[in-house]
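Residue numbers (our numbering): 5 to 468. C-beta: ideal position from N, C-alpha, C; glycine also. Notes to accompany the following structure.
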RNA sequence: GGCCCCAUCGUCUAUCGGUUAGGACAGCGGGUUUUCAAUCCGUUAAGCGGAGUUCGACUCUCCGUGGGGUCACCA
């Protein structure tokens, strides 16, 4: 008894039904995305249903987190329901089932002192249930081992299996798109459907999103809430793009998709059966692609959100283009500016502190590659100082281009055998940045300004 | 353990019986370069095992193995 139905005359309705018992992470997010894409692809409805029948574990904060995350990702829904507000409806239908004999009030011996003495159980017809899954094909279960399972703690406290089925029915859900972990719940839910006189929707059980250890992604396994990706400086478009390609792909070699392109391309039949490991490196790559596409103004406004203190730095506009091509997430900016980071030269004190004698780095690192002759480095630094001294110190004219122009001929005049340009540029750059890695010495000079540039070069010169 | 689902490079995946098994991330090598990054070019790397079916299996069937999910008065 396969459940073939026709979709010809029924509008597609999908739903995303999270329970607000934890922060919204990639596992549930992927389910939301697929249900959303499928609905939009077929010009159908997408419903958000908060499954908060567990009053103890559900919180408003978690619900807000779900809603906020969906909004951040631009997954708009056509209707929203909260199961905690539908108690009367459930009660009415629970009574119907009890009346028609498919459910009954069962006397229980409390497991703990003071425990419940009666619950509502479903009268299990103990039969085999076969259903068709859009992704996996026919699946058959024998429901006998389920026994007369509980569908409500009381008339006012229905539980998951009952409310899911009833709501899907009442809300006209045509396609139940959910995680694979619900496969084994499906047969008992179909039993309830039959008792309710409801039609069976299409089922599509998605492969799970896995952690590095290949087990179901969960907070416990280190899955970050989506809102955490936001605060770490990930773009919603990148997160959406990445997660959409987890367990699904259009069969082409295209990798970058806008939301609209995803809607157009999405196809449930191309969904994978096996689980997919969530890979942070690839997410970072996607994010980098999207950051690169940002206009200068957009880039700056995103930095403002993630690292406002950085925008206030005097030379921020000078390094912004550098940052945009370097970072994978906006959170990287803080790392770059922190002590030891490639941009630390902007914030480290090179004045030598109270005694005025100590350099914030090891002077011997000024030596380029195999160079051992300190006097050569001193000569080179001295020449650089001379060349820069004659430049106009005005902030508008002491630019990276001007500094480069002033230095370049001299640096290029050094023969390869004597170290080439590197023998000039490395000590210069290191003197200015105090870092093994940093932007080039010209841009650093511009950022520091003439006075600070010369001060640092002189201090390095004197330290040798 | 019972039941259920799954199985191509380290990872995400293409292949719908016939391919030198393709792409992307990561890795590695190189060009460029004062360093790192970026960028460009190149490159390593895969059909879990065994039986079948077939002229021919990564692809279909079965068994095994492995992994995962689920077994609540949670969802």
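Buried or exposed (CB count within 10 angstroms, at least 16 for buried), residue i
i: residue 224; result: exposed
i: residue 10; result: Residue confidence is low: residue 10 scores 43 on pLDDT, short of 50, so the model does not pin down where it sits. No coordinate-derived value is stated.
i: residue 450; result: buried
i: residue 106; result: buried
i: residue 108; result: exposed
i: residue 29; result: buried
i: residue 394; result: exposed
i: residue 454; result: buried
i: residue 129; result: exposed
i: residue 43; result: buried
i: residue 193; result: buried
i: residue 486; result: As shown, the chain starts at 5 and ends at 468. That puts residue 486 outside it, with no answer to give.
i: residue 342; result: exposed
i: residue 229; result: buried
i: residue 87; result: buried
i: residue 191; result: buried
i: residue 218; result: exposed
i: residue 448; result: buried
i: residue 264; result: exposed
i: residue 474; result: Nothing in the structure corresponds to residue 474, since the chain is present only between 5 and 468.
i: residue 36; result: buried
i: residue 318; result: exposed
i: residue 22; result: buried
i: residue 5; result: With a pLDDT of only 33 at residue 5, under 50, the local geometry of the prediction cannot be trusted, and the value read off the model is given with reservation. When all chains shown are included, residue 5 counts as exposed.
Cβ distance (whole Å) where residue i is taken to contact residue j below 8 Å
i: residue 267; j: residue 45; result: 5 Å
i: residue 131; j: residue 147; result: 6 Å
i: residue 200; j: residue 170; result: 6 Å
i: residue 427; j: residue 372; result: 5 Å
i: residue 209; j: residue 137; result: 5 Å
i: residue 280; j: residue 250; result: 4 Å
i: residue 282; j: residue 237; result: Not confirmed; about 18 Å, so no contact.
i: residue 296; j: residue 328; result: 7 Å
i: residue 252; j: residue 274; result: 6 Å
i: residue 375; j: residue 423; result: 6 Å
i: residue 235; j: residue 72; result: About 12 Å; that fails the 8 Å criterion.
i: residue 461; j: residue 385; result: 6 Å
i: residue 155; j: residue 120; result: So it is not a contact: roughly 14 Å between Cβ atoms.
Start and end residues, alpha helix (DSSP H) containing residue i
i: residue 194; result: 190-200
i: residue 247; result: 240-248
i: residue 81; result: Residue 81 -> no alpha helix (DSSP H), and no H or E assigned at all.
i: residue 169; result: 164-174
i: residue 451; result: 445-467
i: residue 182; result: No alpha helix (DSSP H) contains residue 182, which is instead part of the beta strand (DSSP E) from 179-183.
i: residue 314; result: 312-315
i: residue 90; result: Looking at the DSSP string, residue 90 is not in any alpha helix (DSSP H), and its letter there is neither H nor E.
i: residue 32; result: 30-45
i: residue 27; result: Neither: residue 27 is in no alpha helix (DSSP H) and is coded neither H nor E.
i: residue 337; result: 336-341
i: residue 287; result: 284-297
i: residue 265; result: 263-269
i: residue 216; result: No alpha helix (DSSP H) holds residue 216; DSSP gives it neither H nor E.
i: residue 330; result: 320-330
i: residue 234; result: 230-235
Continuous beta strand (DSSP E) stretch holding residue i: start and end
i: residue 142; result: 141-146
i: residue 222; result: Segment: none, residue 222 is in no beta strand (DSSP E) and carries neither H nor E.
i: residue 530; result: The structure shown has nothing for residue 530, since the chain only spans 5 to 468.
i: residue 122; result: 122-126
i: residue 133; result: 132-137
i: residue 17; result: 17-20
i: residue 110; result: 107-111
i: residue 54; result: 49-54
i: residue 154; result: 154-158
What are the complete alpha helix (DSSP H) segments, minimum 4 residues, inside the region 346-432? 378-393, 404-416
Would the region 269-283 and the region 363-370 be scored as touching if the rule is three or more Cβ pairs under 8 Å? no
Three or more C-beta pairs below 8 Å linking the region 56-73 and the region 185-196: no
How about the region 288-307 and the region 235-245: do they share at least three Cβ pairs that are nearer than 8 Å? yes
When you compare the region 76-91 with the region 46-55, are there three or more beta-carbon pairs, one atom per stretch, that lie closer than 8 Å? yes
At least three beta-carbon pairs within less than 8 Å, the region 343-351 to the region 381-390: no
Using 8 Å as the threshold, is the region 329-345 in touch with the region 301-317, meaning 3 or more CB pairs across them? yes
Would you check if there are 3 or more beta carbon pairs closer than 8 Å linking the region 461-468 to the region 407-426? no
The region 436-443 contacting the region 379-387, beta-carbon criterion three pairs below 8 Å: no
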